[in-house]
Amino acid sequence: MRLSFWEILKRSKEGPILEEKEFDLLIFKKTQELQKKYGIKYDPNNPLDLEGTLSDRIYQAGWELFLDIGTYCTTTKRVIRVSEEELRHEIEACPESIWLGQGEDRVQMRHRDVEGEQEPIVIAGIQTAPFSDEEMMFIISKGCAMDRCIDGIWGGILLKIDGKYEVVAGTPSEIFQYKKTAEILRKAINAAGRPGMIIINNAPTSTATIAMFDEERGLRRTDYMEVTGISELKVSYDDLNRTSFALAYGVPIHGSHSATIGGFSATPEGAAITAVAGSFQLIAVQKAESFRCGVIDSRIKSRVTRAQLWAAGSAIQGLNRNTKLIVDGNIGDHPAAGPGTKQYFYEAAAGFIVSTVMGGHSTEGTRKFVVGNICNYGTPLESRWMGEICKGAVGMTRKEADRIVKYLLSKYEDKLKNAPEGETFEKLYDQETLKPLPHYQQMYEEVKEEFKQIGFKFKEA
Amino acid sequence: MELLNVQQEEKELLEALKEAIVEIDSERAKEIAKKIVNQKFDPLWAIKYSIAEAAKIVGNRFEDGEIYLPHLVMAGDIMEEVGAILEKNIPSEQIQRKKRIVIATVQGDVHSVGKNLVAVMLRAGGFEVHDLGVDVMSTTIIQKAKEINADMIALSSLLTTTMPYQKEVIDDLISMGIREKFKVMIGGGPVTREYAESIGADGYGKDAVEAVEEAKKLLG
Chain A
6 MRLSFWEILK RSKEGPILEE KEFDLLIFKK TQELQKKYGI KYDPNNPLDL EGTLSDRIYQ
66 AGWELFLDIG TYCTTTKRVI RVSEEELRHE IEACPESIWL GQGEDRVQMR HRDVEGEQEP
126 IVIAGIQTAP FSDEEMMFII SKGCAMDRCI DGIWGGILLK IDGKYEVVAG TPSEIFQYKK
186 TAEILRKAIN AAGRPGMIII NNAPTSTATI AMFDEERGLR RTDYMEVTGI SELKVSYDDL
246 NRTSFALAYG VPIHGSHSAT IGGFSATPEG AAITAVAGSF QLIAVQKAES FRCGVIDSRI
306 KSRVTRAQLW AAGSAIQGLN RNTKLIVDGN IGDHPAAGPG TKQYFYEAAA GFIVSTVMGG
366 HSTEGTRKFV VGNICNYGTP LESRWMGEIC KGAVGMTRKE ADRIVKYLLS KYEDKLKNAP
426 EGETFEKLYD QETLKPLPHY QQMYEEVKEE FKQIGFKFKE A
Chain B
2 MELLNVQQEE KELLEALKEA IVEIDSERAK EIAKKIVNQK FDPLWAIKYS IAEAAKIVGN
62 RFEDGEIYLP HLVMAGDIME EVGAILEKNI PSEQIQRKKR IVIATVQGDV HSVGKNLVAV
122 MLRAGGFEVH DLGVDVMSTT IIQKAKEINA DMIALSSLLT TTMPYQKEVI DDLISMGIRE
182 KFKVMIGGGP VTREYAESIG ADGYGKDAVE AVEEAKKLLG
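Going line by line, the protein sequences match chains A and B. Just so we're on the same page, the working numbering is the position in the first sequence counted from 1, plus 5. Just so we're on the same page, the working numbering is the position in the second sequence counted from 1, plus 1.
Structure, rendered in structure tokens:
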């Protein structure tokens, strides 16, 4: 039986009081101690743990970290602790598979093994990016949904109401506009002929996120509620509001937490340990049934540096070797390069290959790391690429993945800090036919051919 | 900075204090600071040389990836503790008031990583930083800036839909007739220099290192 959410809430009000800074420094001290205790060492020459024994030690260290320091509630300034027995029960009680979507578009999201043959669920779309207007959001989302190699799509933001009133988080405009985005997503998947497809969106506040659930016009019980943990190992009551609503409404909870290289986890080793601990937080505190085990780097605006691939990949591998949980990897979702550049394809592929081979799903969409307020900064082709890579990497060995990832790193690693910006949808796609413009199509085909040459096996459509 | 006209013994203590801060050895740093005071050496030198030079070294090491955020936090704490020991022994008229910065992630936004980095780097850069945390209302930020007589307000936003709150702070300062009292610097993932200029901010930092340079430029 899972630990009651109301017990968690009680602990958030009665747990030990601690200054946030003290908690942050505890993460640092403890992760430093654990990496020594478990002999965890990042070797840049080996961005993937090929044996899995190092990942097992990272898993053990993450277990100890979570039990030792717990989760910090930023609202109450208290620490929520879970006992070893409770965590064990929590993991045992988590489902090994869940169903998402409806009708012909219904899919089963299962626990995946490392190098496993289980199909990864791919939820693409230009995640949480701004769109210029409703029409453009509809067109781009429809284009993404039409691709059969993906199982669901994410939505984004409409920056203005009626083209002139600014949308601001935490104000009535946010609720109205996010509800609108969910309606557009539903219309887009209907128009794409996939009415039961999964649609996801996540607003800055819980109020607006909750408002998107509407069985007829918005997100449904067969989609999922995204709950996020604050980096690192923290939650607020706004985060817990999402859990509370999801439990009452009966929608699956998908968690997301990112450990930070250069943050309080400090090193890649520390971030790998915290990524595992953050995953335990998502299931034990935030009641997730599936979760994204993520790693960011505070100094580089990309999720696929060599150290990130190692840290996230090892944490995902550790979780999948030691539990039957449903782990989302999605490492390639935020390339530094923009759409319309070869670097975008290389970066995204490196992350999605590692994620898939280590037993992860990829359900957090895809887009350039920083889009700012530039609208329509992505196309359906990047979603197709995400699907093709994730599905193509199924069954690949870690050794094969390691070879390909090293090749990809050689293509983009030294260009992350000054990555090419790329282009918006308007410059890359024909809006009438919803097909890439010839120059973009050619670039995509060239990259695809290059991947075939290096031994990546795409699945037949 | 060179240590001219300083006795050998004093010089050694000043160097040792700098090293202790860089090595994040709190106890040793405090012990040396007390020794400087007890031996009647000029504590101003320790502030101007040991702390300032240590801050530079720590900042560079962070930039080069040799140390991480927790090290910066701990080094910042030591600098404050040591500074307090030294300042007690300096006549108040000789103490140069540090430039004060109020920093926060704006309302509706709980992203803390970038803001924390900037806060710590500013502290290491010699500023007195008041970090109000995340999801902070514009009125709270302004109230704090007024209360401590801040020189600058630094605002972080990681979401497109929370960027308007950066503008709100500036607009509120204007309507309260106190815009000229504070420099305003903004930053965060989606924020650009163009956006900063468009809302009337005085400065912009694309990352923590640039934010410190910008703050130094704006506050002199």
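We treat Cβ as the ideally placed atom computed from N, Cα and C, and that holds for glycine. Fair warning: this is a prediction, and the values are worked out from it, not measured in the lab.
According to the Cβ coordinates, are residue i and residue j closer than 8 Å?
i	j	result
A/E369	A/R297	yes
A/R311	A/P49	yes
A/A277	A/I63	yes
A/Y1	A/A66	Residue 1 of chain A falls outside the range modelled here, since chain A spans only 6 to 466, and no answer is possible.
A/I166	A/V173	no
A/T361	A/M391	no
A/T230	A/I258	Looking at the sequence itself, residue 230 of chain A is Met, so the reference to Thr does not match. Yes, they are a contact pair.
A/G275	A/V309	no
A/A280	A/L287	no
A/G345	A/K453	no
A/T186	A/L163	yes
B/A209	B/V119	yes
B/G188	B/A212	yes
B/G60	B/M153	no
Might you give, ordered along the chain, the residues of its own chain that have their beta carbon closer than 8 Å to the beta carbon of residue i, omitting 5 neighbours on each side?
i	result
B/I58	K19, V23
A/M202	G106, D110, A150, D156, G157, I158, I194
B/Q95	L45
Leaving out five residues before and five after residue i in sequence, what residues of the same chain have Cβ atoms less than 6 Å from its Cβ?
i	result
A/P21	V84
B/K116	T106, S157
B/M177	none
Under a CB-based cut-off of 8 Å, is residue i close to chain A?
i	result
B/L70	yes
B/T162	yes
B/P92	no
B/D26	no
B/Q167	no
B/Q108	yes
B/T141	no
B/P191	yes
B/L133	no
Quick one: what's got a C-beta closer than 7 Å to residue i's C-beta in the same chain, skipping five residues either side?
i	result
A/W5	Chain A is shown only over 6 to 466; residue 5 of chain A falls outside these bounds and no answer can be derived.
B/I48	G84, L87
B/T141	L133
A/K462	G397
B/I79	I22, I25, S27, A30
A/T212	I180
A/M363	V119, G318, I321, Q322, N325, G334
Indicate whether at least one CB of chain B lies closer than 8 Å to the CB of residue i.
i	result
A/T279	no
A/L164	yes
A/L30	yes
A/V375	yes
A/E171	yes
A/V268	Val is not the amino acid found at residue 268 of chain A; the sequence shown has Gly there. Cβ-Cβ to chain B under 8 Å: yes for A/G268.
A/F33	yes
A/T265	yes
A/N246	no
What three-state label does DSSP hand residue i in the structure shown?
i	result
A/Q113	strand
A/D435	strand
A/V332	strand
A/S102	strand
B/K111	In the sequence as displayed, the identity of residue 111 of chain B is Val instead of Lys. Looking at B/V111 - three-state DSSP - the assignment turns out to be coil, as it is neither helix nor strand.
B/L156	strand
B/F183	coil
A/S303	coil
A/G356	helix
A/A264	strand
A/I145	helix
A/L53	coil
A/K462	coil
B/V213	helix
A/V173	coil
A/K239	strand
B/V130	strand
B/A105	strand
Is it a yes or a no for the region 237-251 of chain A touching the region 89-98 of chain A, going by three-plus beta-carbon pairs under 8 Å? Short answer: they don't touch.
How about the region 268-277 of chain A and the region 64-79 of chain B: do they share at least three Cβ pairs that are nearer than 8 Å? Contact holds: three or more Cβ-Cβ distances are below 8 Å.
Count Cβ pairs between the region 409-425 of chain A and the region 346-356 of chain A that sit closer than 8 Å; are there 3 or more? The answer is yes - the region 346-356 of chain A touches the region 409-425 of chain A, with three or more Cβ pairs under 8 Å.
Is it the case that the region 52-60 of chain A contacts the region 87-102 of chain B, given that we only count it when at least three CB pairs across the two stretches are under 8 Å? Contact between the region 87-102 of chain B and the region 52-60 of chain A is absent, because fewer than three Cβ pairs lie under 8 Å.
Three or more C-beta pairs below 8 Å linking the region 6-15 of chain B and the region 423-433 of chain A: Touching, no, given that fewer than three Cβ pairs across the two stretches are closer than 8 Å.
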